[in-house]
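To start, the structure itself, in structure tokens.
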Amino acid sequence: METTDILKRVRQIEIKTRGLSSNIFAGEYHSAFKGRGMTFSEVREYQYGDDIRTIDWNVTARFNHPYIKVFEEEREMTVMLLIDVSGSREFGTTWRFKKNMITEIAAVLAFSAIQNNDKTGVIFFSDRIEKFIPPKKGKKHILHIIRELISFTPEERETNLSEVLRYLTNAIKKRCTTFVISDFLDEQFEDALKIANQKHDVVALRIFDPRETLLPDIGFVKFKDAETGGFQWVNTSSKKTRDAFNQWWLDNEKRINSTFTKCGVDNVAIATDEDYVKSLMSLFKKRS
Numbered sequence: 001m002e003t004t005d006i007l008k009r010v011r012q013i014e015i016k017t018r019g020l021s022s023n024i025f026a027g028e029y030h031s032a033f034k035g036r037g038m039t040f041s042e043v044r045e046y047q048y049g050d051d052i053r054t055i056d057w058n059v060t061a062r063f064n065h066p067y068i069k070v071f072e073e074e075r076e077m078t079v080m081l082l083i084d085v086s087g088s089r090e091f092g093t094t095w096r097f098k099k100n101m102i103t104e105i106a107a108v109l110a111f112s113a114i115q116n117n118d119k120t121g122v123i124f125f126s127d128r129i130e131k132f133i134p135p136k137k138g139k140k141h142i143l144h145i146i147r148e149l150i151s152f153t154p155e156e157r158e159t160n161l162s163e164v165l166r167y168l169t170n171a172i173k174k175r176c177t178t179f180v181i182s183d184f185l186d187e188q189f190e191d192a193l194k195i196a197n198q199k200h201d202v203v204a205l206r207i208f209d210p211r212e213t214l215l216p217d218i219g220f221v222k223f224k225d226a227e228t229g230g231f232q233w234v235n236t237s238s239k240k241t242r243d244a245f246n247q248w249w250l251d252n253e254k255r256i257n258s259t260f261t262k263c264g265v266d267n268v269a270i271a272t273d274e275d276y277v278k279s280l281m282s283l284f285k286k287r288s
């Protein structure tokens, strides 16, 4: 993609996603993703109804009158976006590829974060860590992230969720809110996800295409595995083959959802032909 095309696409995404962040997500994001805790603000005289557990006994003894500590929510957070850039993101049978939806959702979350005065960082991953953008604030930083989302070309095409989750756990020392945006076409990442969610607040956004759920009856078709590059002829006219594919999808759904439940990870599945705004709003309200 030429530089001018990239800049044009960046501007289009900025206009759309910044507007969504400002007009729709601002309040929901704030209430759904709270700060790291409460921080001391000041002391004031005790008033009837105040919690006696907040009494500052040192100040009370000094002035011979009860004073309490006042705390306020520590709003500033660090938000990490873990972006799947493996080969399977290039699939799409409607008007939008998975990678296009991933880009827009990531941009919406990034703009929501800076409006909330949060730092935002990104980790691009395949079966390795492809790129790490350290957390920062500001519109310039977010536009840099969007440019990378549009133009980044990974070195590998397969997926390893355990690798990026372990990297997150080791690289980001303070607790942060982490959005894993992926199709989650991987296995055996439960242990790494559980450990990551114990240290951070991990949220899974699973992107899929409707065609991945059912195999159409269109005769013999040569399929290519987007991640391994392997080819295979499939007789889609065979009901047995179509039923087996459908059962694989249902079993995979069950396995992934079970993993999220065991790890205590909030999640939402979003199809490429759906309005992701509704899905994100539902997730935010659930967490509020």
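Residue numbering for the sequence shown follows UniProt numbering, beginning at 1 and increasing consecutively.
No residue lacks a Cβ here, since even glycine has one placed at the ideal position from N, Cα and C.
| Item | Value |
| --- | --- |
| Span of the alpha helix (DSSP H), counted from its first residue to its last, around F245 | K239 to C263 |
| Candidates R157, T169, T177 and R175: closest to L185 by CA position | R157 |
| Nearest candidate by alpha-carbon position, reference G121, set I105, A32 and I145 | I145 |
| Identified DSSP bridge partners for Q47 | Paired residues: none, contrary to the question. |
| Residues near T93 by beta carbon distance below 6 Å, same chain, minus five either side | D209 and R211 |
| T54 - partner residues in DSSP beta bridges | BP columns for T54 are empty, so no partner. |
| Distance, D243 Cα to E253 Cα | 15 Å |
| L283 to W95 span [Cα, whole Å] | 24 Å |
| F223 burial status per 10 Å Cβ neighbour count (16 or more: buried) | exposed |
| Reference Q198; option with closest CA among R166, D225 and T228 | R166 |
| Span of the alpha helix (DSSP H), counted from its first residue to its last, around N197 | E190 to K199 |
| Every unbroken beta strand (DSSP E) within the stretch 104-133, with a cutoff of 3 residues, ordered by chain | 119-125 |
| Where the alpha helix (DSSP H) containing A171 begins and where it ends | L161 to A171 |
| Reference K262; option with closest CA among D191, Y29, Y276 and T236 | D191 |
| Distance between R62 and K286 (C-alpha atoms, nearest Å) | 46 Å |
| Meets three-Cβ-pair contact criterion under 8 Å: the stretch 261-275 and the stretch 13-23 | no |
| Residue closest to L280, alpha-carbon to alpha-carbon, out of F25, V10 and T178 | F25 |
| Euclidean distance between Cα positions of K99 and A226 | 13 Å |
| Residue from I218, F189, A113 and E42 whose Cα sits closest to the Cα of residue 342 | Residue 342 lies beyond the residue range present for the chain, which begins at 1 and ends at 288; the question has no answer from this structure. |
| Reference M45, options V70, T178 and A171, closest by Cα | The identity of residue 45 in the sequence shown is Glu, whereas the question assumes Met. The shortest Cα separation from E45 among V70, T178 and A171 belongs to V70. |
| Contact between the stretch 78-91 and the stretch 47-62 (3+ Cβ pairs under 8 Å) | no |
| The stretch 211-220 touching the stretch 113-120, judged by at least three CB pairs closer than 8 Å | no |
| Residues that DSSP places opposite K8 in a beta bridge | BP columns for K8 are empty, so no partner. |
| N-terminal and C-terminal residue of the alpha helix (DSSP H) that V180 is part of | It is not in any alpha helix (DSSP H) - V180 instead sits in the beta strand (DSSP E) that spans T177 to S182. |
| Buried versus exposed call for T228 [16 or more other C-beta atoms within 10 Å across all chains shown] | exposed |
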